[in-house]
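Enquirer:
Encoded structure:
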């Protein structure tokens, strides 16, 4: 496993239903004293005096599944659960919308799954499909449950009387390793940490580290077209999949285990990103690499976002082998600097400010770039040296390895911070898109301006951050975070105003409605630029899931 | 344009209908005196005494299009041709099967296009679709006409009374350049040399050089999932396409100009490789690169194929940046060595034999590897140095730059040699596949053995060569050439026996039925491993081409 990754497998049962991640791990804002003045300044929130949110126990509606209809499942020895806790942890993903639906107790009664099933084999899955068809139930495939786009909402299709969450956590093994071809066949339900642990025992890595890594699964990554933070070095999940196997209501089939082919429309690329619409991805043959012997992660400061983005563009267009690249705009950098500040400025902080001033960087308004390298010792040194020279020429001011190490240590912890921010009365959301390089600054500005206008109408204070998270020679992914004063009583309506506006601006710009979060429910209104595109996706569904039992209401 | 490329644009009208390439260019075997003893030894052919094949003029069946029904086209100012020569040059591609169908005058009367149309705009294409629908005609999209899998066979669908070849050669411009994003938007009908010439004027290159480069088009490359000889450095056509636009009978639409997205099944990857089934690709936004300032191409000898293949695998798995890599097995090397021999052995040849012996390579049975590098001067030197060290450690014996330069000079001329071989009474065919590394040697042997058994049954002498032409960390493409004594009177049946056997072995091995030639007619019987795969491809067609006018009989 990469040294950038510090975590242990956590089963979804150990996850909070009211927030991010493991129940045993909480974010304590008092470790980030610099946040309090930031909150005061931008949102008028006197953090320390804010009352903690009191979470009321949720009362779930009764399950639509009668005991008598469970006989088939029992006979087939398929594990199931109808407990409130299990149904609750499988009801929603982990978006701001999801958490507010639960915190405000406003999730409609028919949006909970009626039962959670735990298949152990493809045969179990086929049995479940037949059972759901018989009992008019929707099938909601469940990997790690970390969707932030409503991808696992327990929606019912037309005529369906209930919804079944199908949790793949029992299909979590590595099946075979082909060292000559550098591929490993694994089951879809395996979680990130377990996969990397088993690969690491063979000195192999997949190199796929999305922020959800600890709590998400291989099958989920494939079904949603996931992309990890090391994508500059390892690519997106589509680059990592040699072949895959899917169980649809019409039967199971798989793509060929070949590196490339000219065999008509790509079946692999049709099933990748299908978000449970066509079936459940049970097996994936992944392309693995040797664990890198050396890693180097360092940070640079730039006077402004345009300079930093241009330097990032040059790194990728010059094909300098980097693994990680993240550029925060001025607003995001301000927030990160605030988070890093101690209650009383340290000597190191003061020296840092003097250094920045000396290097002609305004410490109140600048940008940071995090850049990482992996590989053999001499390669990493050589690539770092080449990149360093380019970045210095482009106005980059080196800040050393310290901030990079801190980011690597905290990379999977950051989402935990959302929970105390929610307690403070904030709206906290993220969204992401991708566009060609020539449209970057226009899109960046237009999204920020549009979201701030929404906040103004809401009379809410608002900060919109952005970082560039994934890089290509021909374009880049933009990742936005929104912080705003929450409007009590209209939490969901307020969120929807931001979401709709962002979707509209992205759509109008011909940017992607999602770079790596997927479509689910939240993006489907702005996915199809042509009705023919929609017709194509729907026509495939009709072939593989003619009765429409699979994950209704998503994408289409 | 790459220095590896020496050619000028040639319009398809200047192509031979009875052989490969430009009418003004012929292969003269007397320039390859080493071929004659090779022919004598392996096929018992005394080449010099062989009578030249006398090509009889072909009499075409009358066109099914009545003059009165041409009025719509005339009104819309759409250029067309019903001359015998034009219909003949658009009737078939350039496979062995195609040439033998014409040489033996056995192409059925209803397999010629009835008319050739030359649209200049998307509006013209829509007019053509409406006209074909009205008159019950099949639409056969025509790029450069170099298909070797029957991809442009003028087949009629059920109820159709004729076939129309739609030649895109008038839609051949570059539309815009986005230097920041390193993308260029071009029309689908532009030919390779013209595209590279226009790109070269901006110091840009696409880097896509399939062997058909001189006579094939951008739209054709995209429609067939083409892959060029520089794929190690530039990737396949799917890596080079940022977005594309297609005109289907249901209307035109396009994919988003984004570098990557998580937006459901990939629309781009559905249209890529669709081989005219869904519509005509009118515009492609391609990802371009700066022209390399330096190139280096050199050759190595290996004692056997396994050692050479292993060295090639290590080059790609160690991610050493190479542009071209080609490994010929012992049989192919023998043929190339024969072709390079002079009538009387030169001093250089003799020295070469001594060198090989001294390096413990058996000059009668060895393998060659061609490896090429592109980039900045210092990069090329550094990458060559790294590769050279690895290849030396792996048993590679350097043969210098001479053979590489010769290959680069001849790379687009080699297909011309097929014509005089046909004149000599040989069957000459090629086929290609891809598989994971662990299956390479098994597949290589099984295909060679199976094809030789076919030849034995036919009582024909036979040589089967193979080279590895495209490389991936997780697998490789195998390209086979078959030479055999032709069976007069059963030319097509003999060919079909080879083809069916190769298809069966590839299918059984879960290898790709094509790495880069495509499916067309020749591979469709062995494309679908599951009826669900077929159903998916067909369902998309029903949405975009409900009347089934587009390229009937291909893929499905």
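Protein chains in written order, with the numbering used here: chain W, 164 to 719; chain A, 164 to 719.
We treat Cβ as the ideally placed atom computed from N, Cα and C, and that holds for glycine.
Keep in mind it's a predicted model, so treat the numbers as computed, not measured.
1. Got a sec? Which residues, its chain only, sit under 8 Å from residue 446 of chain A by beta carbon, not counting five neighbours each side?
2. Note the first and the last residue of the continuous alpha helix (DSSP H) segment covering residue 289 of chain A.
3. In angstroms, rounded to a whole number, what distance separates the CA positions of residue 758 of chain W and residue 411 of chain W?
4. Within 8 Å, do at least three Cβ pairs link the segment 352–367 of chain W to the segment 265–277 of chain W?
5. What three-state label does DSSP hand residue 331 of chain A in the structure shown?
6. Can you tell me which of the three DSSP states residue 577 of chain A falls into?
7. Just reading off the alpha helix (DSSP H) that residue 263 of chain A is part of, what are its end residues?
8. Ends of the beta strand (DSSP E) at residue 414 of chain A?
9. From the DSSP output, in three-state form, read off residue 529 of chain A for me.
10. Check whether the segment 652–664 of chain A and the segment 608–627 of chain A are in contact - that is, three or more C-beta pairs closer than 8 Å.
11. Taking 8 Å as the threshold (beta carbon to beta carbon), is residue 345 of chain W in contact with chain A?
12. Within a Cβ cutoff of 8 Å, which residues of the same chain sit near residue 178 of chain A, ignoring the five residues on either side of it in sequence?
13. Using only the alpha-carbon positions, how far apart do residue 343 of chain W and residue 519 of chain A sit?
14. Report all residues from its chain with a CB closer than 6 Å to the CB of residue 471 of chain A; omit the five preceding and five following residues, and keep chain order.
15. Give the residues from the segment 487–508 of chain W that approach chain A closer than 8 Å (Cβ to any Cβ), ordered along the chain.
16. The beta strand (DSSP E) that contains residue 659 of chain W, what's its start and end?
17. Three-state secondary structure (DSSP) at residue 391 of chain W?
18. Measuring straight from C-alpha to C-alpha, what distance separates residue 336 of chain A and residue 561 of chain W?
19. Hey, how far is the Cα of residue 509 of chain W from the Cα of residue 188 of chain W?
20. Indicate whether the contact test is met: 3 or more Cβ pairs, each with one atom in the segment 436–450 of chain W and one in the segment 684–698 of chain A, closer than 8 Å.
21. From which residue to which residue does the alpha helix (DSSP H) around residue 361 of chain W run?
22. How long is the line joining the alpha carbons of residue 330 of chain W and residue 543 of chain W, rounded to whole angstroms?
23. If you draw a straight line from the C-alpha of residue 323 of chain W to the C-alpha of residue 273 of chain W, how long is it?
24. If the cut is a Cβ gap below 7 Å, which residues of chain A does residue 679 of chain W touch?
25. Would you list, in chain order, the members of the segment 405–416 of chain W that have their beta-carbon closer than 8 Å to a beta-carbon of chain A?
26. Chain A beta carbons: is any one of them nearer than 8 Å to that of residue 384 of chain W?
27. Residue 286 of chain A to residue 303 of chain A, Cα distance in whole Å?
28. Can you pull the chain A residues whose beta carbon is under 7 Å from the beta carbon of residue 674 of chain W, in chain order?
29. Name the chain W residues that come within less than 8 Å of residue 433 of chain A, Cβ to Cβ?
30. From A:369, A:293, A:633 and A:261, pick the residue whose C-alpha is nearest to that of residue 598 of chain A; which is it?
31. Identify the contact partners of residue 597 of chain W in chain A, using a Cβ-Cβ distance below 8 Å as the criterion.
32. Who are the near neighbours of residue 294 of chain A in its chain, counting only those whose CB is closer than 6 Å to its CB and skipping five residues on each side?
33. Look at residue 621 of chain W and residue 487 of chain W and say whether their C-beta atoms are less than 8 Å apart.
34. Whose Cβ in chain A lies nearer than 7 Å to the Cβ of residue 480 of chain W?
35. If you measure between the beta carbons of residue 275 of chain W and residue 254 of chain W, is that distance less than 8 Å?
36. Closest by CA to residue 434 of chain W, which one among W:399, W:398, W:386 and W:181?
Expert: This is what the structure holds:
1. Residue 446 of chain A sits at position 283 when you count from the first residue of the second chain. Cβ within range, chain order: 338, 348, 349, 350, 351, 407, 408 and 417.
2. Taking the second chain and counting its residues from 1, the one referred to as residue 289 of chain A is at position 126. Run containing residue 289 of chain A: 285–298, per the alpha helix (DSSP H) assignment.
3. Absent from the structure is residue 758 of chain W, since the part of chain W shown begins at 164 and ends at 719.
4. No, they do not touch.
5. Working through the second chain from its first residue, we reach residue 331 of chain A at position 168. Here residue 331 of chain A sits in coil by DSSP.
6. Translated into positions along the second chain, residue 577 of chain A becomes position 414. Residue state, collapsed to three classes: helix.
7. One-based indexing of the second chain puts residue 263 of chain A at position 100. Segment 259–266, the alpha helix (DSSP H) holding residue 263 of chain A.
8. In the second chain, residue 414 of chain A corresponds to position 251, counting from 1. In the DSSP assignment, residue 414 of chain A falls within the unbroken beta strand (DSSP E) covering 414–417.
9. Mapped onto the second chain, residue 529 of chain A falls at position 366. DSSP places residue 529 of chain A in coil when its eight states are reduced to three.
10. By the Cβ rule, the segment 652–664 of chain A counts as touching the segment 608–627 of chain A, because three or more pairs are nearer than 8 Å.
11. Counting from 1 along the first chain, the entry for residue 345 of chain W is found at position 182. Judged by the 8 Å Cβ criterion, residue 345 of chain W is in contact with chain A.
12. The residue you call residue 178 of chain A lines up with position 15 of the second chain. Sequence-distant Cβ neighbours of residue 178 of chain A in its own chain, meaning closer than 8 Å and more than five residues away, are 184, 185, 186, 252, 308 and 378.
13. Looking up residue 343 of chain W in the first chain gives position 180. Looking up residue 519 of chain A in the second chain gives position 356. Whole-angstrom Cα-Cα distance: 30 Å.
14. As a working mapping, residue 471 of chain A is identified with position 308 in the second chain. Hits under 6 Å: 465, 490, 530 and 532.
15. Going along the segment 487–508 of chain W in chain order, one finds no residue with a Cβ nearer than 8 Å to chain A.
16. Within the first chain, residue 659 of chain W is the residue found at index 496, counting from 1. Run containing residue 659 of chain W: none in the beta strand (DSSP E); it sits in the alpha helix (DSSP H), 654–671.
17. Within the first chain, numbered from 1, the residue matching residue 391 of chain W stands at position 228. Note: residue 391 of chain W maps to coil in three-state DSSP.
18. Residue mapping note: residue 336 of chain A aligns to position 173 of the second chain, counting from 1. Residue mapping note: residue 561 of chain W aligns to position 398 of the first chain, counting from 1. Approximately 45 Å between the Cα atoms of the pair.
19. Within the first chain, numbered from 1, the residue matching residue 509 of chain W stands at position 346. Within the first chain, numbered from 1, the residue matching residue 188 of chain W stands at position 25. Whole-angstrom Cα-Cα distance: 28 Å.
20. No: fewer than three Cβ pairs fall under 8 Å.
21. Counting from one through the first chain, the residue named residue 361 of chain W turns up at place 198. That run of the alpha helix (DSSP H) goes 355–363.
22. As a first step, residue 330 of chain W must be located in the first chain, where it is residue number 167. As a first step, residue 543 of chain W must be located in the first chain, where it is residue number 380. In this structure, the alpha-carbon of residue 330 of chain W lies about 41 Å from that of residue 543 of chain W.
23. For the purposes of this step, residue 323 of chain W is taken as residue 160 along the first chain, with counting starting at 1. For the purposes of this step, residue 273 of chain W is taken as residue 110 along the first chain, with counting starting at 1. The straight-line gap from Cα to Cα measures roughly 11 Å.
24. The count along the first chain starts at 1 and reaches residue 679 of chain W at position 516. Within chain A, the residues 425 have their CB atoms less than 7 Å from the CB of residue 679 of chain W, given in chain order.
25. Those would be 405, 411, 413, 414 and 416, in chain order.
26. Translated into the one-based positions of the first chain, residue 384 of chain W becomes position 221. So, not an interface residue.
27. The sequence position of residue 286 of chain A within the second chain is 123, counting from 1. The sequence position of residue 303 of chain A within the second chain is 140, counting from 1. Near 17 Å, if we compare the C-alpha coordinates of residue 303 of chain A and residue 286 of chain A.
28. Within the first chain, numbered from 1, the residue matching residue 674 of chain W stands at position 511. For residue 674 of chain W, the chain A residues whose C-beta falls within less than 7 Å of its own C-beta are 421, listed in chain order.
29. Position 270 of the second chain holds residue 433 of chain A. By Cβ distance, chain W contributes 428, 429, 432, 433 and 699.
30. One-based indexing of the second chain puts residue 598 of chain A at position 435. Ranking the options by Cα distance to residue 598 of chain A, first place goes to A:633.
31. For this step, residue 597 of chain W is matched to residue 434 along the first chain. Neighbours of residue 597 of chain W in chain A, taken as residues whose beta carbon is under 8 Å from its own, are 421, 422, 423 and 424 in chain order.
32. Here residue 294 of chain A refers to the residue found at position 131 when the second chain is read from its first residue. The beta carbon of residue 294 of chain A sits closer than 6 Å to the beta carbons of 235 from its chain, once the five residues preceding and following it are set aside; these are given in chain order.
33. Counted from its first residue, the first chain places residue 621 of chain W at position 458. Counted from its first residue, the first chain places residue 487 of chain W at position 324. For residue 621 of chain W and residue 487 of chain W, no; Cβs fall outside 8 Å.
34. Residue mapping note: residue 480 of chain W aligns to position 317 of the first chain, counting from 1. Correct list: 345.
35. Residue mapping note: residue 275 of chain W aligns to position 112 of the first chain, counting from 1. Residue mapping note: residue 254 of chain W aligns to position 91 of the first chain, counting from 1. With contacts defined by Cβ atoms closer than 8 Å, residue 275 of chain W and residue 254 of chain W form a contacting pair.
36. Translated into the one-based positions of the first chain, residue 434 of chain W becomes position 271. Comparing Cα-Cα distances from residue 434 of chain W to each of W:399, W:398, W:386 and W:181, the minimum goes to W:386.
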